[in-house]
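Undergrad: Quick one: this structure, given as structure tokens, is what I'll be asking you about.
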Amino acid sequence: MRKDAKIFVAGDDTLIGAAISHLLAQRGYSNILNQTPDQPSLVKRTEVEQFFALFQPEYVFVAGGKSGGIGANQNRPADLMLDNLLQSCHVLDAASRHGAGKLLYLASSCSYPKHCPQPMQVESLLSAPLEATNEAYALAKIAGMKLAQSFRVQYDANFITAIPANAFGPGDDFSPEDSHVIAGLIRKMHEAKKLTLPAVDIWGSGMPKRDFIFVADLAQACLFLMDNYDDAKPINVGTGVECSIRDLAVAIRQVVGYEGELVFDSSKPDGMPRKLLDTTALQALGWMSETDLSEGLQKTYDWFLETQCEETALEEVYEY
Ligand code: GDP
Numbered sequence: 018m019r020k021d022a023k024i025f026v027a028g029d030d031t032l033i034g035a036a037i038s039h040l041l042a043q044r045g046y047s048n049i050l051n052q053t054p055d056q057p058s059l060v061k062r063t064e065v066e067q068f069f070a071l072f073q074p075e076y077v078f079v080a081g082g083k084s085g086g087i088g089a090n091q092n093r094p095a096d097l098m099l100d101n102l103l104q105s106c107h108v109l110d111a112a113s114r115h116g117a118g119k120l121l122y123l124a125s126s127c128s129y130p131k132h133c134p135q136p137m138q139v140e141s142l143l144s145a146p147l148e149a150t151n152e153a154y155a156l157a158k159i160a161g162m163k164l165a166q167s168f169r170v171q172y173d174a175n176f177i178t179a180i181p182a183n184a185f186g187p188g189d190d191f192s193p194e195d196s197h198v199i200a201g202l203i204r205k206m207h208e209a210k211k212l213t214l215p216a217v218d219i220w221g222s223g224m225p226k227r228d229f230i231f232v233a234d235l236a237q238a239c240l241f242l243m244d245n246y247d248d249a250k251p252i253n254v255g256t257g258v259e260c261s262i263r264d265l266a267v268a269i270r271q272v273v274g275y276e277g278e279l280v281f282d283s284s285k286p287d288g289m290p291r292k293l294l295d296t297t298a299l300q301a302l303g304w305m306s307e308t309d310l311s312e313g314l315q316k317t318y319d320w321f322l323e324t325q326c327e328e329t330a331l332e333e334v335y336e337y
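Mapped onto this note's numbering, the consecutive letters of the sequence shown carry residue numbers 18 to 337.
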């Protein structure tokens, strides 16, 4: 990407989209279209169409669409599915018709089958049933991936797909109902510490494992792929390392400084047993994540402490 290229981050209000926007600005890209007034609502076809017709972005990162942890997926599957389907249909269609030179679509590691051989390879996509708790969201992400591939086939569009591991970091959603595990446990343990509660409940058995990627690293990978990847085949973006929910909870307890007990609540769902991404392809291109889990947890908790009680401007979010 040239430094003056017209770049649009669809969904710059999401955890990943905000990190991409921030990194673009930090690296001196001067024509980021998210900074123009009258940003389109991505679920409204006419607004997206008018925006692309007017600005004709050359590069598009598609990071939009509602998402959330296992709770959000169970309680609001229709919202999550619809929002993601609408956004990807509108953005990919407009990008194709208004001549975007390249588009990066962000899918999700929950697009892989529930009992997928580990580490998960792209060849396993659509080979077996999905995990029930996030099937609706995962199907919307699979549809987005297929749409990106279909635009390549039919219109010769340079649309690529990245499949990220579980992202976390500053800017995450810490609400008890919607958060993913890291933000959820940070909030729970922080509050338990303040109130000197004797125990905190951890959902599920503690046995599932996840590949957690710090969001600033993921943003770096997205820019790297925009410059270095042109294949129809989706590419995994992970750390190559997995951590059990039990070990994660212990690590968060240490970062937060909570001294109570961790109680595993097996009436709550585990979700997928494992989600380790095979990162051979990305490593072969020369990219690896930099931030290890404990450093990422510390940065995330620091951000939470600084911002928990008030709405924070994006610039402040990224002072880490
Ligand atoms: P997933 O990767 O799509 O399953 O999303 P999550 O980040 O929501 O959950 C990951 C794992 O952490 C699951 O096994 C959850 O049951 C477990 N978990 C434990 N405690 C919590 C919690 O407080 N919030 C969330 N979201 N997950 C939790």
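By construction, the Cβ of each residue, glycine as well, lies at the ideal position given by its N, Cα and C atoms.
If we call anything under 8 Å between Cβ atoms a contact, is residue 137 one with residue 294?
TA: In the sequence shown, counting from the first residue as 1, residue 137 sits at position 120. In the sequence shown, counting from the first residue as 1, residue 294 sits at position 277. Yes; because the gap between Cβ atoms is below 8 Å, this pair is in contact.
Undergrad: Do the region 160-178 and the region 187-202 touch if we need at least three Cβ pairs shorter than 8 Å?
TA: These segments do not touch.
Undergrad: Taking only three categories from DSSP, how would you classify residue 222?
TA: Start at 1 with the first residue of the sequence shown, and residue 222 comes out as number 205. In the structure shown, residue 222 sits in coil (DSSP, three-state: anything other than H, G, I, E or B).
Undergrad: Could you work out which residue in 48, 248, 30, 32 is closest to residue 18 when comparing CA atoms only?
TA: Stepping through the sequence shown from its first residue, residue 18 is reached at position 1. Ranking 48, 248, 30, 32 by Cα distance to residue 18 puts 48 first.
Undergrad: How far does the beta strand (DSSP E) with residue 26 in it extend, from its first residue to its last?
TA: Numbered from 1 along the sequence shown, position 9 holds the residue referred to as residue 26. 24-27 is the span of the beta strand (DSSP E), which, as asked, contains residue 26.
Undergrad: DSSP on residue 284, reduced to helix/strand/coil?
TA: Within the sequence shown, residue 284 is the residue found at index 267, counting from 1. Reduced to three states, the DSSP call for residue 284 is coil.
Undergrad: Considering Cα atoms alone, identify which of 250, 92, 226, 254 is closest to residue 237.
TA: If you number the sequence shown from 1, residue 237 lands on position 220. When only C-alpha atoms are compared, the closest one is 254.
Undergrad: Tell me the rounded alpha-carbon separation between residue 126 and residue 139.
TA: The residue given as residue 126 occupies position 109 in the sequence shown. The residue given as residue 139 occupies position 122 in the sequence shown. Going by the C-alpha atoms only, they are around 10 Å apart.
Undergrad: Between the alpha carbons of residue 116 and residue 166, how many angstroms are there, rounded?
TA: For this step, residue 116 is matched to residue 99 along the sequence shown. For this step, residue 166 is matched to residue 149 along the sequence shown. Whole-angstrom Cα-Cα distance: 16 Å.
Undergrad: Whole angstroms is fine: what's the gap from residue 111's alpha carbon to residue 209's?
TA: Here residue 111 refers to the residue found at position 94 when the sequence shown is read from its first residue. Here residue 209 refers to the residue found at position 192 when the sequence shown is read from its first residue. Rounded to whole angstroms, residue 111 to residue 209 spans 47 Å at the Cα level.
Undergrad: Using 10 angstroms around the beta-carbon of residue 187, count the other beta-carbons present and answer buried if the total reaches 16, otherwise exposed.
TA: Here residue 187 refers to the residue found at position 170 of the sequence shown. Buried.
Undergrad: With a threshold of 7 Å, establish whether the CB of residue 262 neighbours any heavy atom of the ligand MG.
TA: Looking at this structure, you won't find the ligand MG anywhere; what it does contain is the ligand GDP.
Undergrad: Note down, in chain order, each residue of its chain lying with its Cβ closer than 6 Å to the Cβ of residue 158, except the 5 sequence neighbours on either side.
TA: Numbered from its first residue, the sequence shown carries residue 158 at position 141. For residue 158, where only same-chain residues beyond five positions count, the Cβ hits under 6 Å are 124, 125, 128.
Undergrad: Does the ligand GDP have even one heavy atom less than 7 Å from the beta-carbon of residue 305?
TA: Position 288 of the sequence shown, counting from 1, holds the residue named residue 305. It does not: the Cβ of residue 305 is nowhere closer than 7 Å to a heavy atom of the ligand GDP.
Undergrad: Is residue 24 closer than 8 Å to residue 80 when the C-beta atoms are compared?
TA: Translated into the one-based positions of the sequence shown, residue 80 becomes position 63. Translated into the one-based positions of the sequence shown, residue 24 becomes position 7. Not a contact, by the Cβ cut-off of 8 Å.
Undergrad: How about residue 272 and residue 228: are their beta carbons less than 8 Å apart?
TA: As a first step, residue 272 is located in the sequence shown; it is residue number 255 there, counting from the start. As a first step, residue 228 is located in the sequence shown; it is residue number 211 there, counting from the start. Result no, Cβ atoms of residue 272 and residue 228 do not sit closer than 8 Å.
Undergrad: Just confirm the distance between the C-beta atoms of residue 185 and residue 232, as a whole number of angstroms; I'd bet it's less than 8 Å.
TA: Stepping through the sequence shown from its first residue, residue 185 is reached at position 168. Stepping through the sequence shown from its first residue, residue 232 is reached at position 215. 7 Å between Cβ atoms; contact.
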